[in-house]
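According to my numbering, the first sequence is numbered sequentially starting from 20.
Working notes, beginning with the structure itself.
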Amino acid sequence: MTNDAKPVPSHFIKNIINEDLKNNKNDGRVHTRFPPEPNGYLHIGHAKSICLNFGLADEYNGLCNLRYDDTNPIKEDVEYVESIQEDVRWLGFDWEDRLYYASDYFLQMYEYAEELIKADKAYVCDLSAEEIRQTRGTLKEPGKESPYRNRSSEESLDLFRRMRAGEFKEGERVLRAKIDMMSPNMNMRDPVLYRISYAAHHRTGTEWCIYPMYDYAHPLSDAYEGITHSICTLEFEDHRPLYDWTLDALNYQPHPQQIEFARLNLTNTVMSKRLLRQLVETGAVDGWDDPRMPTISGLRRRGYTPEAIRDFCDRIGVAKSNSVVDIAMLEYCIREDLKFKASRVMGVLNPLKVVITNYPEEGIPELTAENNPENADMGYRPLQFSREIFIEREDFMEDPPKKFFRLAPGREVRLKYAFIIKCEDVIRDEKTGEIVELHCTYDPQSRSGQDVSGKKVKGTLHWVSVDHAVPAEVRLYDHLYLQDEGDEAGEAELNPDSRIILEAMVEPSLAEAHHGDTFQFLRHGYFCVDLDTQKGKKLIFNRIVSLRDTWAKMQQK
RNA sequence: UGGGAUAUAGCCAAGUCGGUAAGGCAGCGGACUUUGACUCCGUCAUGCGCAGGUUCGAGUCCUGCUAUCCCAGCCA
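Dropping the structure here:
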C-alpha cells in the first residue's frame with residue numbers, strides 16, 4: 020500500500036534467530052507456534068505473542084503453527100477453541116493446514132514416557148499430592164526423595180500401564196521424572212509428568228484417564244512439529260532446564276530452543292484471565308466480548324481494527340524486562356488507523372435546541388459534506404439544514420472565558436459544512452431557569468464552500484437538524500481500573516464509570532449504518548456501530564476512543 | 001550467600017567488535033486549521049539502578065552492592 024516502509028523494529032529474539040541462521044542451525048528453518056490453552060478468550064496480551072510468532076515466521080520465510088495446549092480437560096472447552104481460531108484469523112494471521120492439538124500426541128507422549136521409565140528416568144510415585152508437596156522442600160531447603168523413587172523400572176512400567184488402564188483412582192499415583200530432589204530449581208525436584216484424571220476431554224473424551232503435564236507435553240509437542248524457536252513468557256524461564264531435560268533424556272532430535280520474553284501489561288486494565296473470567300461470571304460485564312474487555316473480541320466489538328492492534332504490537336517491542344505499557348499507546352494506534360478509514364459525521368450527545376429565526380420560508384438547498392478530509396476517495400454526502408437544529412450543550416456558554424471559541428450571547432460561530440450563525444437570544448425555562456433554547460440568525464452569505472460574507476470566526480460547531488435527526492444510543496467507555504489483589508481471593512472491582520450510556524441525536528445518513536462500521540463524530544472521537552438486533556436494529560455506537568482535546572486540557576489547568 | 005531473571009527519560013524501547021546515548025508514546029512551545037482534531041516545526045537523558053576499577057575512551061569489560069519480578073499445582 021504505502022511505500023514509506025516502516026522500519027521493522029529489532030529485538031533480542033531476532034538477534035538469536037539471525038545468529039542461528041548464520042550458523043545454519045536447523046538447516047536455516049524458522050518454525051514457531053502459538054500455543055494457547057483453550058480455557059478462556061484471547062486478550063491483547065495474547066495478541067503480542069500471536070504477532071510475535073506469526074510475524075517472525077513471516078519475516079524469516081518460515082512457518083507458524085496454531086496449537087492448542089489442551090492437556091488439562093477440566094479447564095478446557097470447545098467454546099474457547101472456536102473463539103481462539105476466530106480471533107487469530109481476525110487479527111490477520113493464517114496457520115494454513117497447521118492446526119494442532121497437544122491431545123493429538125497423547126499416544127506418542129505415552130510411548131515416550133514408557134521409554135523414559137525403561138531408561139530409569141521416570142518412576143511411578145504412590146505419594147499423595149499432599150505428601151509430594153511436603154517432601155518437595157522449600158525455596159531454601161532441598162526436598163526429600165520419594166520412597167518409591169528407586170523401585171524397579173519393571174514395577175513402574177507395570178504401574179504406569181495400569182494407571183492408563185484406569186485401575187487407580189485420581190490422585191492415587193503419578194508418573195514423576197527422576198531428576199534431582201536437591202536441585203535449587205524447584206521444577207527439577209522430580210516433577211510430575213502424568214496425573215490421573217477421569218474428566219472428559221473436549222476432544223479425546225474418555226479415551227484417556229492419564230494426562231501429561233505442561234512441562235512434559237510442551238517440549239515434545241514442539242519437537243514433534245519441528246518447531247525451531249519455542250517462544251514463551253518470562254515465568255517459564257525456570258522451566259527451561261526441564262524443557263531441555265525432557266528432550267535430552269532420550270536424546271530426542273530435533274531440539275527446539277525455548278526463548279522467553281516479557282508479557283504485556285497495560286495501564287488502567289488487567290490481563291489476568293482469572294479476573295477477566297470473574298467479570299464475565301459475575302455479570303459485571305456483558306460477556307467476554309463486552310467492549311470494555313481487553314479481550315480480542317472485546318476490542319473488536321469496541322471498534323478496534325486488526326491493523327491497529329498489529330501496529331501496537333510492533334511499536335511496544337519485545338524484551339525481557341517486566342513493563343507496563345501506557346494505554347495511550349494503544350489509543351494512539353487506533354486513532355492513527357481510523358484517521359483514514361472512518362467517515363466524519365455529526366452527532367450531538369447532549370442536545371441544545373437552536374432556532375434560526377431568519378430561516379427563509381422557501382428553505383435552504385441541500386448542503387454537501389466531505390466524508391473524510393484526509394481521504395478524498397471517501398467522497399461526499401448530502402446534508403439537510405433546517406430552521407431548528409441541535410448543537411452540543413457544552414458548545415454554548417453564557418459567560419465564556421477568554422479563550423472559549425464557541426457560541427455565546429452575541430457571538431458568531433460556523434456550523435460545520437453550513438453557515439455562520441450569531442446568538443441573539445437565550446430562552447430559559449420560566450420555573451427552573453434552565454436554558455432550553457437559543458435563538459440565532461444565520462448569514463446566508465456564509466454558506467460553506469461559497470462563503471462571501473468576509474467573516475472570520477474562531478469556532479466551528481457540529482450540529483444535527485431537529486427534523487432529520489436520528490436518535491441513537493451512545494456508549495462512552497472509560498478504562499477498566501480493576502484492582503488485582505494478586506493472590507487467590509482478590510475480588511475484581513469494575514470502575515463504575517467504565518460505561519456511560521447516553522441518548523444522542525445523530526445525522527440521518529447514519530440510519531443506514533451497518534454493524535461494525537466506524538465513524539468519527541466530530542470532536543467526540545471514533546465510534547463503532549453495534550446494532551442491537553434484539554431491539555429492532557436500535558442504533559448503538561460504542562466510543563472506541565476520544566479525540567485529543569486540547570480545550571479540555573486547558574480547562575483542567 | 002536457595003535458584004532464575006531484569007534495571008537506558010513520565011511510559012515502551014534500540015544500542016552487534018568498548019569510539020562519545022536511535023525511534024515511538026506522553027508532555028511542553030509554536031504554526032496551520034470550516035473538527036480546539038489532523039498535519040507541520042521546535043523541545044524533551046553531560047546521562048544509562050548505585051559505588052568503585054580497567055582503558056586514551058565504558059550503557060557496553062571487571063569487582064562489589066541495591067531494587068524489582070518469577071519459582072514450593074497432580075494448572076498452563
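Virtual Cβ for every residue (Gly too), placed ideally from N, Cα, C.
DSSP places threonine 286 in the coil class of the three-state scheme, outside both helix and strand. Comparing C-alpha distances from tryptophan 264 to each of Thr225, Asp199, Ile215 and Lys572 shows the shortest one belongs to Asp199.
The beta-carbon separation of cysteine 332 and lysine 67, rounded to 5 Å, stays under the 8 Å limit for a contact. Distance from the Cα of asparagine 287 is smallest, within the candidate group Asp345, Gln297, Arg320 and Pro231, for Asp345. Among the bridge pairs identified by DSSP, valine 143 is matched with Leu194. Arginine 562 is a Cβ neighbour of glycine 544, given a cutoff of 8 Å.
If you compare the alpha carbons of Gln272, Leu368 and Lys441 with that of tyrosine 378, the shortest gap goes to Lys441. Assignment of valine 107 by DSSP, reduced to helix, strand and coil, places it in the helix class.
As the crow flies, the alpha-carbon of tyrosine 217 is around 8 Å from that of isoleucine 229. In chain order, Leu550 place their CB closer than 8 Å to the CB of lysine 556, counting only its own chain and leaving out the 5 sequence neighbours on each side. From the listed residues Glu411, Arg48 and Pro166, the smallest Cα separation to valine 373 is found for Glu411. If you draw a 10 Å sphere on the C-beta of valine 97, you find fewer than 16 other C-beta atoms in it, and that means exposed. By the neighbour-count definition (other C-beta atoms within 10 Å, threshold 16), tyrosine 461 is a buried residue. The C-alpha of phenylalanine 179 is placed about 13 Å away from the C-alpha of lysine 188. Contact check for glycine 468 and lysine 292: beta-carbon distance about 54 Å, past the 8 Å limit, so the pair fails to qualify. Secondary structure at serine 467: coil, using DSSP grouped into helix, strand and coil. For valine 299, same chain residues with a beta-carbon under 7 Å away, outside a window of 5 residues either side, are Gly306 and Trp307 in chain order. For histidine 62, the three-state secondary structure derived from DSSP is strand. Taken through DSSP and simplified to helix, strand or coil, proline 527 comes out as helix. In summary, threonine 51 is buried, with 16 or more beta-carbon neighbours lying within 10 Å of its beta-carbon over all protein chains present.
Under a 10 Å Cβ-count criterion, glutamine 575 is classified as exposed, with fewer than 16 other Cβ atoms of the shown protein chains found around its own Cβ.
Put simply, the backbone Cα of leucine 357 is about 12 Å away from that of serine 565. Segment contact: the stretch 517-532 against the stretch 445-453, fewer than three CB-CB distances shorter than 8 Å; contact not assigned. Looking at Ser122, Val143 and Arg86, the one whose alpha-carbon comes closest to that of glutamate 115 is Arg86.
Contact annotation: serine 175 and isoleucine 136 have beta-carbon atoms nearer than 8 Å.
Residue state for tyrosine 217 is assigned as coil, using DSSP reduced to three classes. Look at lysine 441 here: in three-state DSSP terms it is strand. Secondary structure within the stretch 229-291: the alpha helix (DSSP H) runs of 4 or more consecutive residues, fully enclosed, are 233-243 and 259-267 (chain order).
Assigned with DSSP and collapsed to three states, glycine 224 falls in strand. Inter-residue distance for lysine 477 and glycine 535 is about 35 Å (C-alpha atoms, whole angstroms). Assignment of beta-bridge partners to proline 490 by DSSP yields Met524.
About 6 Å separates the beta carbons of isoleucine 69 and phenylalanine 112, which is inside the 8 Å limit, making them a contact pair.
Within the same chain, Val564 come within 8 Å of glutamate 350 by CB-CB distance, once the 5 residues on both sides are set aside. Within the stretch 158-192, the complete alpha helix (DSSP H) segments of 4 residues or longer fall at 172-184, listed in chain order.
In the pairwise beta carbon analysis, the stretch 116-125 is classified as touching the stretch 220-228: at least three pairs are separated by under 8 Å. Across the set Pro55, Thr387 and Pro515, the C-alpha of Thr387 shows the shortest separation from the C-alpha of serine 528.
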